[in-house]
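Peer 1: Pasting in a structure now, in structure tokens, and then I'll have a few things to ask.
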Amino acid sequence: MGLFSKDIKTFEDLYKHGLQDIYYAENQIVKSLPTMIDNASDAELKRGLQQHLRETKEQVKRLEQVFKLHDETPSGTKCPAIDGIIDEGSDLIGEVEDKAVLNVGLIAAAQAVEHYEITRYGALIAWARELGHDKDAAILARNLSEERATDKKLTVLAERRVNPRPATGNATQARRPKAAASRRTAATRRKPAQKKQRKKSARRS
Ligand code: FE
Ligand code: FE
Ligand code: FE
């Protein structure tokens, strides 16, 4: 950003800035996923992250198509948010001793990344439509749907108890007959919206 002038002047500029932000973020994610994959000891989590790494590389290419639609060279602009989320995940890898506990932490760290991406793509798609860039919106929507699917898969993994039972948990809680509630930890607590959706799908089946 210039010292005496502001670089983002129009809505279109803001949109382009957002594209550069997510382009930077996706590239950082491509760089950081291999470390997460190496440190995931649960086979399904590892496979899920590997699949998302392949998807993320395609997402970068899709963003490059969007830049191309505007005759622009793909470029990124530093996104402090994704850098922070990724740093927090790498710190965790150095801090957690138990491998099973680390799997739990890695799921949450990966979901933090997905949630950031979901907010960004959500805004960018809305902006693209408003600005009349329907082709962009269609391409971006493909990335968004992959982020959402990944987030859902991670939730399923968390709930399937990749999460270990606490070794020295609260004895009263452990003895409670309705174990479901006591087994649920902060890491796997569902958001109200997700709960609603589960109820809906339960009704359907
Ligand atoms: Fe992505
Ligand atoms: Fe950002
Ligand atoms: Fe993602």
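Those letters in the sequence shown? Residues 3 to 207, by the working numbering. Even for Gly, the Cβ is constructed at its ideal location relative to N, Cα and C. Bear in mind that the values here come from a model prediction, so they are computed numbers and not experimental data.
#1: With a threshold of 8 Å on Cβ separation, who are the neighbours of Leu94 within its own chain once the five nearest residues in sequence on each side are excluded?
#2: Can you list, in chain order, the stretches of the alpha helix (DSSP H) that have 4 or more residues and sit fully within the stretch 58 to 143?
#3: Between which two residues does the alpha helix (DSSP H) containing Glu14 stretch?
#4: Can you tell me the Cβ-Cβ gap for Leu142 and Ile120, rounded? I've got them flagged as a contact below 8 Å.
#5: Is there at least one non-hydrogen atom of ligand 2 closer than 7 Å to the beta-carbon of Asp9?
#6: Assuming contact is defined by CB atoms lying nearer than 8 Å, are Gly50 and Lys154 in contact in what I supplied?
#7: Could you give the C-beta distance for Tyr26 and Thr75, rounded to a whole number, given that I count them as a contact under 8 Å?
#8: Around the Cβ of Ser77, are there at least 16 other Cβ atoms within 10 angstroms (buried) or fewer (exposed)?
#9: Taking buried to mean at least 16 other C-beta atoms within 10 Å of its own C-beta, is Asp73 buried or exposed?
#10: Among Ser92, Arg162, Ala151 and Leu71, which has the Cα closest to the Cα of Phe139?
#11: Report the rounded CA-to-CA distance for Ile39 versus Gln52, giving the unit in angstroms.
#12: On the CB-based measure, 16 or more other CB atoms within 10 Å of its CB, does Gln67 come out buried or exposed?
#13: Comparing alpha-carbon positions, which option in Trp129, Ile24, Ile84 and Glu57 lies nearest Ala151?
#14: Spatial neighbours of His19 within its chain, please: CB distance less than 7 Å, with the 5 preceding and 5 following residues excluded, ordered by chain position.
#15: For Ile24 versus Val115, is the C-beta spacing smaller than 8 Å?
#16: Any heavy atom of ligand 3 closer than 7 Å to the Cβ of Glu60?
#17: Taking only the alpha-carbon atoms, compute the straight-line gap between Val98 and Asn41 and give it to the nearest angstrom.
#18: Should Asn29 be listed as close to ligand 1, given that the test is whether its C-beta is under 7 Å from any heavy atom?
#19: Thinking just about the alpha-carbon of each residue, which of Leu47, Glu28 and Pro36 is nearest to the one in Glu161?
#20: For a test of your reading of the model: does the CB of Glu66 fall under 7 Å from any non-hydrogen atom of ligand 1? Yes or no.
Peer 2: Looking at the atomic coordinates:
#1: As a working note, residue 94 is residue 92 in the sequence shown. The answer, listed in chain order, is Leu104, Gly107, Leu108 and Ala111.
#2: Listed in chain order, the complete alpha helix (DSSP H) runs (minimum 4 residues) inside the stretch 58 to 143 are 82 to 97 and 101 to 132.
#3: As a working mapping, residue 14 is identified with position 12 in the sequence shown. Here the alpha helix (DSSP H) through Glu14 covers Phe13 to Asn41.
#4: Counting from one through the sequence shown, the residue named residue 142 turns up at place 140. Counting from one through the sequence shown, the residue named residue 120 turns up at place 118. Ile120 and Leu142 do not touch by the CB rule: their CB atoms are close to 12 Å apart, not below 8 Å.
#5: The residue you call residue 9 lines up with position 7 of the sequence shown. Relative to the non-hydrogen atoms of ligand 2, the Cβ of Asp9 never comes closer than 7 Å to any of them.
#6: Position 48 of the sequence shown, counting from 1, holds the residue named residue 50. Position 152 of the sequence shown, counting from 1, holds the residue named residue 154. The criterion of a C-beta distance shorter than 8 Å is not satisfied by Gly50 and Lys154.
#7: Along the sequence shown, one-based indexing puts residue 26 at 24. Along the sequence shown, one-based indexing puts residue 75 at 73. Contact between Tyr26 and Thr75 is absent: CB atoms are separated by about 14 Å, not below the 8 Å threshold.
#8: The residue given as residue 77 occupies position 75 in the sequence shown. By the neighbour-count rule (16 or more Cβ atoms within 10 Å), Ser77 is not buried but exposed.
#9: Looking up residue 73 in the sequence shown gives position 71. When all chains shown are included, Asp73 counts as exposed.
#10: Here residue 139 refers to the residue found at position 137 when the sequence shown is read from its first residue. The identity of residue 139 in the sequence shown is Ala, whereas the question assumes Phe. Minimum Cα distance to Ala139 is reached at Leu71.
#11: The sequence position of residue 39 within the sequence shown is 37, counting from 1. The sequence position of residue 52 within the sequence shown is 50, counting from 1. Taking the straight line from one Cα to the other gives about 7 Å.
#12: Translated into positions along the sequence shown, residue 67 becomes position 65. By the neighbour-count rule (16 or more Cβ atoms within 10 Å), Gln67 is not buried but exposed.
#13: Stepping through the sequence shown from its first residue, residue 151 is reached at position 149. The option with the nearest alpha carbon to Ala151 is Glu57.
#14: Within the sequence shown, numbered from 1, the residue matching residue 19 stands at position 17. Counting only Cβ-Cβ distances below 7 Å, and skipping sequence neighbours, we find Ile10 and Thr79.
#15: What you label residue 24 is simply residue 22 of the sequence shown in a count that begins at 1. What you label residue 115 is simply residue 113 of the sequence shown in a count that begins at 1. For Ile24 and Val115, no; Cβs fall outside 8 Å.
#16: Within the sequence shown, residue 60 is the residue found at index 58, counting from 1. No.
#17: Sequence index remark: in the sequence shown, residue 98 carries index 96 (1-based). Sequence index remark: in the sequence shown, residue 41 carries index 39 (1-based). When rounded, the distance between both Cα atoms is 11 Å.
#18: Along the sequence shown, read from residue 1 onward, the residue named residue 29 stands at position 27. At a cut-off of 7 Å, the beta-carbon of Asn29 does not count as near ligand 1: no heavy atom of the ligand is closer than that.
#19: As a working mapping, residue 161 is identified with position 159 in the sequence shown. Out of Leu47, Glu28 and Pro36, Leu47 has the C-alpha closest to the C-alpha of Glu161.
#20: The sequence position of residue 66 within the sequence shown is 64, counting from 1. Checking the Cβ of Glu66 against ligand 1 gives no.
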